[in-house]
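In what follows, a single structure is set out as structure tokens and then discussed.
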Amino acid sequence: AQTVTQSQPEMSVQEAETVTLSCTYDTSESDYYLFWYKQPPSRQMILVIRQEAYKQQNATENRFSVNFQKAAKSFSLKISDSQLGDAAMYFCAYRTFTGTASKLTFGTGTRLQVTL
Amino acid sequence: DAGVIQSPRHEVTEMGQEVTLRCKPISGHNSLFWYRQTMMRGLELLIYFNNNVPIDDSGMPEDRFSAKMPNASFSTLKIQPSEPRDSAVYFCASSPWRGVGNQPQHFGDGTRLSIL
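Sequence lines, in order, name chains F and D.
Mapping of the first sequence onto the numbering used here: residues 1 to 116, in sequence order.
Mapping of the second sequence onto the numbering used here: residues 117 to 232, in sequence order.
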């Protein structure tokens, strides 16, 4: 079974600075997908960014980028130019590539605080 | 476009009562997922459906929980009888399923369930 580990329960960053959230996972599969979701206090789950394991290029979405290290099974999220609206819980998630097994496995989350 | 719609948004009921949570997935999405979120256990997948058929219900905690998807636009999660330990936020999510796992899941706003 796949497992996802987020070792940082809480992180803090000053506005306009850069922060990196860590995520590691364990799998025996070679093809899979990785996601970062954001959950603000409103409790919505919002997709931030996704990465296909077969792609070597790291995904980027505006101020959000990932550092995907397949051999190390590491998938960190970098937030540049942090904004107050980035304060939220961030969840890393793993998804199987194909077949009928389509479920997401989530990490335990990292709470990000953004300070002035 | 309408997102995933869950109802009710909040539910407070007494132990022993039947609880029914409802979900309308995004039109055209043929995979539907029910998750439970608690402080202690994080986000757990309870059950998911592909094309209205339950694929994996291994996350359903016990026989008191049941889920149905009578058609492509509606699903229910029922707890009978409810217990205080069932108190949690229950999320429904949907995604297209085309045999690969790269389609992100879109989450509803969740139902906050409190069992007294």
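Built from N, CA and C at the ideal position, the CB exists for glycine as well.
All figures in this text were calculated on a predicted structure; none of them were measured in a lab.
Roughly how many whole angstroms lie between the Cα atoms of isoleucine 171 of chain D and tryptophan 150 of chain D? For the purposes of this step, residue 171 of chain D is taken as residue 55 along the second sequence, with counting starting at 1. For the purposes of this step, residue 150 of chain D is taken as residue 34 along the second sequence, with counting starting at 1. Cα-Cα distance, rounded: 12 Å.
Thinking just about the alpha-carbon of each residue, which of F:Ser76, F:Lys55, F:Tyr32 and F:Leu116 is nearest to the one in serine 82 of chain F? The residue given as residue 82 of chain F occupies position 82 in the first sequence. Closest by alpha carbon: F:Leu116.
If you compare alpha carbons, which of D:Ser191, D:Arg201, D:Ala183 and D:Ile195 is closest to isoleucine 121 of chain D? Within the second sequence, numbered from 1, the residue matching residue 121 of chain D stands at position 5. Answer by Cα proximity: D:Ser191.
Is the stretch 152-172 of chain D touching the stretch 121-135 of chain D in the sense that three or more CB pairs, one from each, lie closer than 8 Å? Cβ pair count under 8 Å is below three, so no.
Confirm, please, whether the CB-CB distance from glutamine 133 of chain D to serine 230 of chain D is below 7 Å. Start at 1 with the first residue of the second sequence, and residue 230 of chain D comes out as number 114. Start at 1 with the first residue of the second sequence, and residue 133 of chain D comes out as number 17. Result no, Cβ atoms of serine 230 of chain D and glutamine 133 of chain D do not sit closer than 7 Å.
Starting from the beta carbon of leucine 159 of chain D, find every residue of chain F whose beta carbon is closer than 7 Å, and list them in chain order. Within the second sequence, numbered from 1, the residue matching residue 159 of chain D stands at position 43. In chain order, Phe91 and Phe106 make up the part of chain F whose C-beta sits under 7 Å from the C-beta of leucine 159 of chain D.
Please tell me whether glutamine 44 of chain F has its Cβ less than 7 Å away from any Cβ of chain D. Taking the first sequence and counting its residues from 1, one reaches residue 44 of chain F at position 44. In terms of beta-carbon proximity, glutamine 44 of chain F lines the interface with chain D, with at least one pair separated by less than 7 Å.
Whose Cβ in chain D lies nearer than 7 Å to the Cβ of glycine 109 of chain F? Residue numbering aside, residue 109 of chain F sits at position 109 when the first sequence is read from its first letter. Those within 7 Å of glycine 109 of chain F in chain D are Gly158.
Thinking C-beta only, is arginine 152 of chain D closer than 7 Å to isoleucine 204 of chain D? Here residue 204 of chain D refers to the residue found at position 88 of the second sequence. Here residue 152 of chain D refers to the residue found at position 36 of the second sequence. The sequence shown places alanine at residue 204 of chain D, rather than the isoleucine named in the question. Contact: yes.
Would you mind reading off the limits of the beta strand (DSSP E) that contains lysine 140 of chain D? For this step, residue 140 of chain D is matched to residue 24 along the second sequence. Per DSSP, lysine 140 of chain D belongs to the beta strand (DSSP E) from 135-140.
Along the chain, where does the beta strand (DSSP E) containing proline 186 of chain D start, and where does it finish? Against the second sequence, residue 186 of chain D aligns to sequence position 70. Counting along the chain, the beta strand (DSSP E) containing proline 186 of chain D begins and ends at 181-187.
I'd like to know whether the C-beta of leucine 112 of chain F is nearer than 7 Å to at least one C-beta of chain D. Here residue 112 of chain F is taken as the residue at index 112 of the first sequence, counted from 1. For leucine 112 of chain F, the answer is no, since every Cβ of chain D falls outside 7 Å of its Cβ.
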